[in-house]
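Worksheet for the structure shown next.
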Amino acid sequence: MARNHSPAELEALRKGILSTRDPHKPLITLCSGSACQASGSKEVAASLEAEIEKQGLSEAVNLRKTGCHGFCERGPIVVIHPEEICYFQIKPEDVPEILSQTIQEKKVVDRLLYTDPVTKEKIVQERDIPFYKYQERLVFGSNGSVDPKNIEDYLAIGGYAALAKALTGMTAEEVLQEVKKANLRGRGGGGFPAGRKWEGTRQAPGDIKYVIVNADEGDPGAYMDRSLLEGNPHAVLEGLTIGAYAVGAREGYIYVRQEYPLAVENVFIAIRQAEEYGLLGENILGTDFDFKVIVHQGAGAFVCGESTALMTALEGRAGEPRPKYIRSNIVGLWGRPSVLNNVETWANVPLIINKGADWFTQYGTESSKGTKIFSLVGKITNTGLVEVPMGTPLRDIIFKIGGGIPGGKKFKAVQTGGPSGGCIPEHLLDLPVGFDELTQAGSMMGSGGMIVLDEDTCMVDVARYFMAFLTDESCGKCVPCREGMRQMLKILTRFTQGQGKEGDIELLEQLSETAIEAALCALGKSSPNPFLSTLKYFREEYEAHVREKRCPALSCKALIAFHIDPDKCQACMMCLRKCPSEAIVGGKNRIHVIDQEKCTKCGTCFEVCPPRFRAVRKTSGEPVPPPIPEEARTIVRESKPK
Amino acid sequence: MSEILLQIDGKEVRAREGMTLLEAARSAGIAIPTLCYHEKLEPYGGCRLCLVELESRGGTRLVVSCVYPVENNLVVRTRSEKIDRIRKMILELLLAHAPDAFELQGLAQEYGADKDRFEKEASFCIHCGLCVRYCAEVKKKNAVGFVDRGIRKEISFIPEIAAQECWNCKECFPLCPTEALQAAYVLVEALAFPKASSAPGK
């Protein structure tokens, strides 16, 4: 492929690509993101390729393996264009029917469609499915339509037009001002205005400056940056290149987790292709702007998502934060001015340059503009990646898009912002999502993790879980974080084991103050958040654990017990047979009794007891009733009168 | 170098540009406690004991003085109720590891820290990094380093380098605020070089 020497050549190339693509020719897109690969999309791809061949459709249909479509709950996902027929949870054995029916006969295969859980109606197109209907997928939408390994797909949808516009139609200062005017705030955690960050770097003295992509996303349950980099790496590269032009950088880095193999693979391919097409490297699009991108594979440390730790790791040293009384956009990588933004932030840049700040700012709230991608996971019906305008109420995300809580359970809280974020309770569900709104509620935007918790979740245990994660991921450099969390985790663990003491909650509060005020980096300063936000909204659960040795959610194993209600037990033998520790005594027509000494509290009996009996009871904070005497255990059944 | 004027604990202090608050305070005879600071080494900001209060925008904020650069007209306080409370907590957290370290005991007395507030931990190292950084920055040998991270982090001698360099140096020994380094060194010596410990010259 010849390099593009000017924006005009790029446009000509784009037209050329489009002229070879018949919009009416059937196209099958298959989600091939990591989540869908885990649910078998590679096998579906192999089956599609073989079956297309077998049915002699090689000329009649195109197959495209795209990035993540977002609705991971229902993957692997297949979409048939141009009709945009959506099939979910596709298995290799569904493939022959899809090809023979939908491609050849133009018939929709009903059983593979999405069924609306309320109306029970079958839905054909993505845009009518509630999960997608309420989203605004400005950044993530292209993921489902391009093959990330093929730059021509990205060019076909207008890719690199923003770069051409910036390089030849705008001065670097104008690009900067546009991003500033758009009030694009960093999507990686802090929400710092990207334009101001860029401006600092642009104005900082020195000839050598850097732009860096933070693709070290490491929050439990969050995978939006990963999916974006896997599914649309060129959007990130284009944004990064525009940023480099704006701040005067000639070199950029992508710091990506080595555990994200598909993202690493696709970003390497994307860089090579962009270089071949003259969109990276020397004299980009025939201008005198040179820019090269280097990929650094991180060894997987949560703290390396922190800007100074990431830069220290890039320099080849242990990833530990350094004090940043001088910001890293002034003194950053190798002491040079460096702009660090996360994947999603960079991916927003081409949109802003293409469509303008005025277009961008029509989405969102006063202080948070544009959209945000969230990773919606936990006790939620529709697990997946969702993109909504800033300001969308949490309730809409969880109930309209997410489909609510499965199993008829009650919503309890949503944990946002990653491990250092916080839990937002039910009475704040109408909170519009935005950087400042979430912070005011005691949580944060973070990079967009959203873990839904239902009534069976113990909030003390949630705090303990995240504290354990952060303790494990602390770099250990400063005392308030390393030692403070060591003690906080010990205390929280004691709570869940029924060994909390009076004064422990206050001690946790004092340890929290020390971390907030004295820890070195953002990870350390925010490390008490899992505790503080759950204490703020669920103090009664802490008090129940400490004072009454009771777990109100009936979740902490050390604080719960199972027993069988003798009035309800029908001696059906279900629990007796299933108990893995043989802790249930009983027999045919003999009321069952749980031997508390043997019981491991696994909950199997509770789950298998037929709903019509509901004889197994789970309790906490109350003594287990004594077993009924042996002689009273026989059930005398009256025979039915004939 | 231009001169910078600031106020520390109500006292006018003259400092040179590029100095840290800690250096400025000490040059004016104002004491600030430290554990991980050493004048020959790059500031580390690990122990956080040297934190001080800055007056800014009508409020106050805490910064660590060993890394914060002096600025004109700064108003700095080295003691306050909040500073003392946090220093006390930091000391108590460290005393769980090194309850008998003289340096910690002295500070504990000054700040009323209770060495028994937290359950004792077997490790004596308080991760000040003085040995590691001294060996790297001053001796340029890197014979001792940190391994692992977070609460599993510990200092460790690299046998290949230590066997060559440490016998005639041992300059890190007196730097250790808890005397844990000697223990670690002796342990490595015993485990890794069983014969070397009986070598002549020892």
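If you read the sequences in order, they're chains A and B. Letter 559 of the first sequence, counting from 1, is numbered 559 in my numbering, and no numbers are missing. With positions in the second sequence counted from 1, the corresponding number in my numbering is that position plus 1000. Think of the CB as a built atom: it goes at the ideal place given N, C-alpha and C, for glycine as much as any other residue. Fair warning: this is a prediction, and the values are worked out from it, not measured in the lab.
Secondary structure at residue i, three-state DSSP: helix, strand or coil?
i                       : result
residue 1196 of chain B : With a pLDDT of 47 at residue 1196 of chain B, under the threshold of 50, the modelled position of this residue cannot be trusted, and the question is left open.
residue 1018 of chain B : coil
residue 151 of chain A  : helix
residue 1201 of chain B : With a pLDDT of only 37 at residue 1201 of chain B, under the threshold of 50, the placement of this residue in the model should not be trusted, and no figure is reported.
residue 454 of chain A  : strand
residue 1055 of chain B : strand
residue 401 of chain A  : helix
residue 297 of chain A  : strand
residue 1205 of chain B : Because chain B spans 1001 through 1202 in this model, residue 1205 of chain B falls outside it and cannot be assessed.
residue 309 of chain A  : helix
residue 19 of chain A   : helix
residue 601 of chain A  : coil
residue 1144 of chain B : strand
residue 362 of chain A  : coil
residue 141 of chain A  : helix
residue 255 of chain A  : strand
residue 280 of chain A  : coil
residue 1156 of chain B : strand
residue 1011 of chain B : strand
residue 79 of chain A   : strand
residue 422 of chain A  : strand
residue 234 of chain A  : helix
residue 91 of chain A   : coil
Taking 8 Å as the threshold (C-beta atoms), are residue j and residue i in contact?
i                       : j                       : result
residue 419 of chain A  : residue 470 of chain A  : yes
residue 256 of chain A  : residue 249 of chain A  : no
residue 86 of chain A   : residue 385 of chain A  : no
residue 403 of chain A  : residue 451 of chain A  : no
residue 341 of chain A  : residue 186 of chain A  : yes
residue 293 of chain A  : residue 254 of chain A  : yes
residue 477 of chain A  : residue 320 of chain A  : yes
residue 615 of chain A  : residue 578 of chain A  : no
residue 268 of chain A  : residue 280 of chain A  : no
residue 517 of chain A  : residue 1062 of chain B : yes
residue 563 of chain A  : residue 575 of chain A  : no
residue 183 of chain A  : residue 365 of chain A  : no
residue 325 of chain A  : residue 1037 of chain B : no
residue 98 of chain A   : residue 63 of chain A   : no
residue 301 of chain A  : residue 473 of chain A  : yes
residue 534 of chain A  : residue 459 of chain A  : yes
residue 1070 of chain B : residue 1028 of chain B : no
Looking only at its own chain, which residues have a Cβ that is under 7 Å from the Cβ of residue i, when we skip the five neighbours before and after it?
i                       : result
residue 162 of chain A  : 238, 242, 350, 353 and 354
residue 375 of chain A  : 221, 222, 223, 224, 385, 448, 449 and 450
residue 33 of chain A   : 67, 68, 227, 230 and 231
residue 334 of chain A  : 315
residue 137 of chain A  : 387
residue 515 of chain A  : 480, 481, 484, 524, 525, 527 and 528
residue 1039 of chain B : none
Apart from the five residues on each side of it in sequence, which residues of its chain come closer than 6 Å, Cβ to Cβ, to residue i?
i                       : result
residue 1008 of chain B : 1025, 1030 and 1076
residue 598 of chain A  : 581 and 583
residue 405 of chain A  : 379, 411 and 454
residue 125 of chain A  : 84
residue 393 of chain A  : 430 and 432
residue 608 of chain A  : 574, 575 and 578
residue 1010 of chain B : none
residue 74 of chain A   : 88 and 89
Can you tell me which residues form a DSSP beta bridge with residue i?
i                       : result
residue 387 of chain A  : A/373
residue 62 of chain A   : A/27
residue 342 of chain A  : A/214
residue 587 of chain A  : A/590
residue 1003 of chain B : B/1016
residue 106 of chain A  : In DSSP, residue 106 of chain A forms no bridge with anything.
Write down the C-beta distance between residue i and residue j rounded to the nearest angstrom, noting that I regard them as a contact closer than 8 Å.
i                      : j                      : result
residue 246 of chain A : residue 172 of chain A : 5 Å
residue 407 of chain A : residue 434 of chain A : That pair is no contact at about 31 Å.
residue 531 of chain A : residue 508 of chain A : 6 Å
residue 635 of chain A : residue 544 of chain A : The pair is not a contact, with the Cβ atoms about 36 Å apart (cut-off 8 Å).
Excluding sequence positions up to five away, which residues of its chain have a Cβ less than 8 Å from the Cβ of residue i?
i                       : result
residue 560 of chain A  : 551, 554, 601, 618, 619 and 620
residue 1165 of chain B : 1139, 1141 and 1143
residue 637 of chain A  : 589
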